Amino acid sequence: MASSVLWLHVTPSSLTAIPQNLESAQALKIVTERAGHGIITPNEIVIDLGAPHLARTPEVSRARLAFSDLIQKSHEVLLVSTDETATYIDPTEQYIRMFVVGRHDFGAAESQNLVHQIRENFIPRANFPGDAKIYLGGAPAQGVDLVSHLLKSFPWIVLLALGMAYIVLLRAFRSVFLPLKAILMDLTSIAVAYGALVLVFRFGMGSSILGTYRLDQIEAWVLVFLFPVLFGLSMDYEVFIVSRMREAKLHGATNNEAIVEGLAHTGGVVTAAAIILVGALGGLVNGHFAGLQEIGIGLAFGILIDATIIRGLLLPSTMVLLGRWNWWLPAGLARIVNVKASPLEDRETRP
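In the UniProt record's numbering, the protein residues as written are 1 to 351.
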């Protein structure tokens, strides 16, 4: 399931996945059926000529029309709206505004590609005189910028969260490998949640039963929202279970005995809590907004898989394989984090 992330595509948002019984949605449907999806959220180009009283000069008019014709050549462009009326030229005649209407919804991949095409191909080829500057705005451009900034900042958010979690767990468990194992398992839960979004919304698995939308892309903000929530919940489950194991270990149990005792006292509580939370998230899935459905599906799958397969199977099995290495913290590293060292045991014996 986690491998489905390879087919993940993100969008800033979409006008298509909203409840169709809303009056506003019905109005949008009428307009887009007659004038195209892009008419609701056109690209807006602002041209700063650098000085007033230039917008209606013959040289600028020719450059404006040539720029309009250049943009119109794109197959994604439905129309370019420009003129010399007050709608498009400000009173100082320094700024010109143009509207570029695409053929698709502003969150579609085609609309995002058009934004890149205008910025990278068309604007550099514009031939306005002097020190003219051209800016691209509107909902499509804002969406592209939002996704771009999220993709740039999100990895740093993840690294910060992982680093802080490792240090805190290193001190709490006095172990080198237990924090690393916890982080890897948390990331697995998150990957499963992201993969579930792709399977349900893009490929339509279970959509007829769940009543979810069929979407080509997942809203970018949903992915950013899911990460801290799932990471926090998964880490809570991990700390709750492993703390009980560590307590048993400190009271003289062997590694395997500590694992069994820890799961016996905490596994049922974790599973019950997860089932309750998954049931509560059903309300989000029943909502008719795509973003809410994506949050509900992502959290439900991530929590359910984490509390059952990962905490019930992977956690104890990896701890059995690690054996005495579970509880090892060398003296040098212990001094850095200011805790007591946990030397590697020669063999597991009960005192």
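No residue lacks a Cβ here, since even glycine has one placed at the ideal position from N, Cα and C.
Note that the structure is a prediction, hence the values are computed from the model and not measured.
For K133, the enclosing beta strand (DSSP E) stretches over residues 133-138. DSSP places F99 within a strand segment (E or B) once states are collapsed to three. Excluding five sequence positions before and after E261, the CB atoms of its chain that fall closer than 8 Å to its own CB belong to R244, M245, A248, A253, given in chain order. Within a 10 Å sphere around the beta-carbon of L114 sit 16 or more other beta-carbons, which makes this residue buried. Under the DSSP assignment, V198 falls outside any alpha helix (DSSP H); it carries neither an H nor an E label. Restricted to the region 290-335, not a single beta strand (DSSP E) segment is unbroken, complete and at least 3 residues in length. Assigned with DSSP and collapsed to three states, N286 falls in coil, not helix or strand. Closest by C-alpha distance to R202, out of A193, Y213, V192, S208, is Y213. For T87, the three-state secondary structure derived from DSSP is coil. DSSP, reduced to helix, strand and coil, places L78 within a strand of the structure shown. For T11, the secondary structure class from DSSP, reduced to helix, strand or coil, is strand.
Rounded to whole angstroms, the Cβ separation of P12 and V147 is 5 Å, and the two are in contact under 8 Å. Restricting attention to G302, I40, V80, V10, the CA atom closest to the CA of D145 is found in V10.
Our two residues, P330 and N256, have alpha carbons roughly 22 Å apart in a direct line. Distance from L170 to I183 at the Cβ level is roughly 11 Å; contact not present, criterion being Cβ atoms closer than 8 Å. A direct Cα-to-Cα measurement between L299 and L226 gives close to 7 Å.
Judged by their CB atoms, I39 and V100 are not nearer to each other than the 7 Å cut-off. In terms of Cα proximity to N43, the closest of A51, L78, A341, P129 is L78.
About 11 Å separates the Cβ atoms of A307 and T266, ruling out a contact at the 8 Å cut-off. Note that the C-beta distance between I45 and F122 is not below 7 Å. Inter-segment contact for the region 127-135 and the region 54-67 is present: three or more beta-carbon pairs are separated by less than 8 Å. Listed in chain order, the non-local C-beta contacts of V269 below 8 Å within the same chain comprise F240, local neighbours out to five positions each way being set aside. A check of alpha carbon separations from A274 across L250, E238, V242, G287 identifies E238 as the nearest.
In this structure, the alpha-carbon of A264 lies about 12 Å from that of V242. Nearest in C-alpha terms to G323, of all of L210, L160, S175, is S175.
DSSP, read as helix, strand or coil, puts I40 in coil. Q26 sits exposed, since fewer than 16 C-beta atoms from the chains shown fall within 10 Å of its C-beta. When only Cα atoms are considered, D216 and R335 end up about 51 Å apart.
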